[in-house]
Amino acid sequence: MNAIELKGVTKTFDGFKALDKLDLTVPKGAVYGLVGPNGAGKTTAIRHMTGMLRPDAGKVLLLEEPVYENVSVKERVACIPDEPWFFSGASTRDMMEFYREIYPRFDQGRYEKLRSAFPLDELRPIRRLSRGMRKQSAFWLALALRPEVLILDEPVDGLDPVMRRQVWSLVMGDVAENGTSVLVSSHNLRELEDVCDHIGILQRGRCLLEKSVDDLQETTVKFALALPEGAALPEGLDILHESAAGRLRTLILRGREEELTEKLQSAQPLFLEAQPLTLEEIFIYEMGGADYAVKDILL
Amino acid sequence: MLSRTSFFDGTIYKNALRRRWLLGLGYAAALTFRLMTRANIGMDLYRYANMYYPERIESIIQEGLTSVLPMLFAVAMVMAAVGWLYRSRSCAFAASLPLKRQAVFCSDLLGGLTLLLAAPVAAAGLTALLEGTGYGTGMGLLWWLGVTELMTVAYYGFAAFCAVLTGHWLALPALYFILLYAAAALEASVRRILQFLIFGLGNQRWILSFLSPAYYLKNRAYAFIETWTDWQNGIPVDWRVTFHGWPTVIAYAAAGLLFGLAAVLLLRRRRMECAGDVAAEPWLRPVFRIGAAVAASLSVGLLTLQTVFGYSGYSTAAASFSRSMILLLMMLIGAFLGWFCAEMLLRKTVKVFDRSWAGFGILAAVIGALVLGFELDVFGVERAVPDLARVDHAEVSCYSSNVYLTTFSQPENIAAVEELHRHVAASKRIFERENRTSFSGGTLEITYYDQNGVVMTRTWTAPGGALAWASRGNAWESGIWASDGNGVWGTQNPALKELEDLMNTAEARAQRNVPTQGLELNALTANFGSIVLRESTLDGYSNYTTIRELAPDEIADLTCNALLPDLRDTTMGYAKLMPEGQITYPVGNVSFYVSFGSFGENGIEDLWWYLDTTVTPDAARTIAWLEKHGIHMDADAMVTRIDEDVMP
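Chains as they are written, first to last, in my numbering: chain A, 1 to 299; chain B, 1 to 648.
Next up, the structure:
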């Protein structure tokens, strides 16, 4: 079962195609990182997922149902946008009371428990809080909804490192305990590396790549090797990147480590070592040659 | 599937009440303040002087009709209630809630409406509490409450409708007020410009003003007071206030509900990404562009009429071709400004001159074609005369006053009216040469009626000097132009001769002069009366006046045996056209004003009848009576010689 599914979603604003036949799938229980540079269409995609926007073409399904104007689905979804919106003058308590009546799944006990995690004055008007505190307030309320799907748009912007860790810890706790599915949008890949088990890259309204992190890491391997004088690399390697420093060559190869090691051994290298790849490196080498602004999602 | 909860959510409703109560309170306070001051309820003078009951009630109702508070607070409340539509963040918040979007919209609106409807109740209740309900206050407050509540619903529904047409919070009140007054403004503007271009168009019946409720209620709906006074002591003994505006106000409220319903339907298909845009729907973009261009074109056109040509309306302009072309040029400039400013707002950039020219070109061509068409009478409006067979009767009015209004029902006279119409319409170029656009000189208005009502009205205003008249011999003989516009005096104008002839037909004279039945009886019981004799110069101005008091028996004799028989035979009461172009009825060198009435018990004169006319040679019985009483008249020259012992 998929938590979120976008099938061929297209959306155009005044002639500008923000989403272009976007296909995206978030499996249930996954923590999905949606990455892309500014203007790639992340927020537009999220606004389709929350039911704000109606696609020009294609389907947007949450928990296997169309989300647009679907009350029963929205009851099970929580979203924290980049800049959360609250009623003017409302405090966290006011918003909690509002949510408590609107969302049937709102968990008052959970809200009380989370008080210790978010050191906020819940009676203070939220607009008077700092940006980071407003984000905390949004997390507090969203987690108290006990959502089956949690959609986060640039969620930890403005949070200090301690609070980031705290927030991720709470989110991951929900994922582990309740099987909550999480979609996290960010323009920064490094931020997602530690928490996501699935990654999708958005560029110009299209999904360039969508894989589980395990798949990515299992199918892309970095080798450091030194070949004898005059020896050549074996045939049939899918080389994503190659560099050399003296006789030591660094190869990024697409394929499984065992198979690639076996193949490279046939060239009788003087030195051969498989090295771990970061997500960042994978994306650089997967996307780097494709004229995409990959650097934008790595900085 | 839709259900009750698809359109209403109690939490949102309660939230709306909790968050916007201050606006409701402000509305109640403003209404109370207006009631307590404008309607003068708090003044002791009114409290204790019972003769002011009806005026108080009328004043309170009128306050409800003319107050702008419902109009202002309705849009303010809608802005507060559904302001989330105009920001993408709040839009996203509302859309993410587990509710249908129309449920959020309706619940927010209903919360606001509840507060707005509670405010007049609170204001009326507070006023009644402070002032009591006696002395007519209670009745007036109930009527006021009804009017205010209904108009609140009307304005609120319309504001909600405007709210879904736009995506920008500033555009909402702008659109709301523009549309509220658009019909009246458009009608007034188009009418004024057409009056300038179309010779003889004159004032037409307002047909769209009801679409501008604030304007319409202020000018058309009113409370009517009837008072019965005890003349013994001058105190009103009974009164009744009648308000004829209920159907109108109820219709507006019903329209408001329909607008509210339309708003909900439009919201369901609203593209939420339009938050921040001027126009919320794609089809509104061309409407906005065209509307802005037309409005700007008319505005610049009106400005040109008033500032460049000094034309204030309310008259026929007879604008020359060159002036019409200047007007067209200015209107095209206005259209250009309106079109591209609208484009800038829609596209949120000033770089709009790269496209949209085709649309503007089409609009400019339409404006040009219309202006030229009306100026050159391509549509035949100036020349149009109704089919004689379909005309039931025609009214001819001179000098823009109903005092001189004459109705013609006889076919030969209606035909004469139409002939007059054709001749005046054919005089367009003479009027244009005078090159006057402001109201001066005389006005001739012809209105044709068929069995169903008004067929057509045409009004021609003669520029000053163009309609100068001279009398030759007997003054009703003919009218001539003083000038043809080129300094040539004495040019004959058959149209004006025809007008004078029309005014002196038996039908016109009988209608004008024959008094109502029962006058003889009144004349027999009158106990005061007089004759005022005037000798006039040829131009019609009086230069000699004498007064003769009449005894009761003289009143009865003069009225029953001389004046009434002569008037009924239409041997008196001729009209002539005056130098200013107006028509006047005391014709000839000698005119007299006769009046009589009775003194009331309190000694106040109660005038029963008066006649202001000219003694003509045909009026044999009247001349004989005057001769008998020492007023001798030369039947040819019509000058008087009054015996010295006759006048006091």
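C-beta: ideal position from N, C-alpha, C; glycine also.
Which of helix, strand or coil DSSP assigns to residue i
i                         : result
tryptophan 85 of chain A  : coil
alanine 290 of chain A    : A caution first: alanine 290 of chain A carries a pLDDT of 48, below 50, which makes its placement in the model unreliable, though a value can still be read off. DSSP places alanine 290 of chain A in helix when its eight states are reduced to three.
alanine 295 of chain B    : helix
tyrosine 68 of chain A    : coil
tyrosine 449 of chain B   : strand
arginine 655 of chain B   : Nothing about residue 655 of chain B can be read from this structure; chain B reaches only from 1 to 648.
lysine 28 of chain A      : coil
leucine 17 of chain B     : helix
lysine 113 of chain A     : helix
histidine 393 of chain B  : strand
valine 162 of chain A     : helix
tyrosine 285 of chain A   : helix
tryptophan 283 of chain B : coil
threonine 242 of chain B  : strand
arginine 651 of chain B   : Outside the displayed span of chain B (1 to 648) sits residue 651 of chain B, for which this structure offers no information.
leucine 267 of chain B    : helix
glutamine 306 of chain B  : helix
proline 659 of chain B    : For residue 659 of chain B there is no data in the structure shown, the boundaries of chain B being 1 and 648.
Option nearest residue i by Cα separation, candidates the options
i                         : options                                : result
glutamate 395 of chain B  : B:Met503, B:Leu337, B:Ala296           : B:Met503
valine 385 of chain B     : B:Val424, B:Leu141, B:Phe340, B:Thr127 : B:Val424
threonine 505 of chain B  : B:Ile414, B:Thr11, B:Asn527, B:Leu558  : B:Ile414
threonine 313 of chain A  : A:Phe283, A:Gln203, A:Leu264, A:Leu208 : Chain A is shown only over 1 to 299; residue 313 of chain A falls outside these bounds and no answer can be derived.
leucine 180 of chain B    : B:Gly256, B:Leu17, B:Pro98             : B:Gly256
arginine 249 of chain A   : A:Gly58, A:Val77, A:Thr10, A:Pro269    : A:Pro269
proline 37 of chain A     : A:Ile102, A:Phe271, A:Leu237, A:Glu154 : A:Glu154
arginine 134 of chain A   : A:Ser169, A:Phe98, A:Pro81             : A:Pro81
serine 181 of chain A     : A:Val162, A:Gln166, A:Leu143, A:Leu209 : A:Leu143
asparagine 203 of chain B : B:Pro213, B:Glu187, B:Leu211           : B:Glu187
For residue j and residue i, the rounded distance between their alpha carbons
i                        : j                            : result
glycine 334 of chain B   : serine 356 of chain B        : 16 Å
glycine 173 of chain A   : tyrosine 32 of chain A       : 15 Å
glycine 487 of chain B   : leucine 337 of chain B       : Note that glycine 487 of chain B scores 36 on pLDDT, short of 50, meaning its location in the model is unreliable and no value can be drawn from it.
glycine 29 of chain A    : asparagine 188 of chain A    : 22 Å
glycine 255 of chain A   : phenylalanine 283 of chain A : 15 Å
alanine 40 of chain A    : alanine 154 of chain B       : 45 Å
glycine 361 of chain B   : aspartate 20 of chain A      : 36 Å
glycine 109 of chain A   : leucine 110 of chain B       : 33 Å
aspartate 215 of chain A : aspartate 197 of chain A     : 10 Å
serine 397 of chain B    : isoleucine 446 of chain B    : 6 Å
alanine 29 of chain B    : histidine 168 of chain B     : 29 Å
arginine 429 of chain B  : arginine 422 of chain B      : 13 Å
tyrosine 176 of chain B  : phenylalanine 158 of chain B : 8 Å
alanine 57 of chain A    : tryptophan 246 of chain B    : 50 Å
alanine 176 of chain A   : glutamate 280 of chain A     : 26 Å
Residues of its chain near residue i, where Cβ-Cβ distance is below 7 Å and the 5 sequence neighbours each way are ignored
i                      : result
leucine 116 of chain B : Gly24, Tyr27, Phe73, Ala74, Met77, Thr152, Tyr156
alanine 262 of chain B : Phe161
leucine 197 of chain B : Ala319, Ser324, Val371, Phe374, Glu375
valine 73 of chain A   : Leu62, Leu63, Glu65, Val67
Chain-order list of residues whose beta-carbon lies under 6 Å from that of residue i (same chain, five-residue window excluded)
i                        : result
valine 594 of chain B    : Ile531, Leu611
leucine 99 of chain B    : Asp9
aspartate 618 of chain B : Thr571
tyrosine 448 of chain B  : Pro386, Val391, Ala394, Val455, Met456
tyrosine 285 of chain A  : Leu240, His241, Ile252
Residue span of the beta strand (DSSP E) that contains residue i, given as start and end
i                         : result
isoleucine 239 of chain A : 238-245
serine 185 of chain A     : 181-186
cysteine 560 of chain B   : Element bounds for cysteine 560 of chain B: n/a, residue is neither H nor E.
cysteine 207 of chain A   : 206-212
isoleucine 201 of chain A : 198-203
leucine 85 of chain B     : Taken as a continuous stretch (DSSP letters only), leucine 85 of chain B belongs to no beta strand (DSSP E), as it is neither H nor E.
Range covered by the alpha helix (DSSP H) that runs through residue i
i                            : result
alanine 184 of chain B       : 171-197
glutamine 410 of chain B     : Run containing glutamine 410 of chain B: none; DSSP gives neither H nor E here.
glycine 334 of chain B       : 321-347
arginine 254 of chain A      : That residue, arginine 254 of chain A, is in no alpha helix (DSSP H); its beta strand (DSSP E) goes 248-254.
phenylalanine 139 of chain A : 131-144
8 Å Cβ shell around residue i - same chain, five flanking residues per side excluded
i                       : result
arginine 164 of chain A : Val156
leucine 120 of chain A  : Thr92, Leu129, Met133, Gln136, Ser137, Trp140
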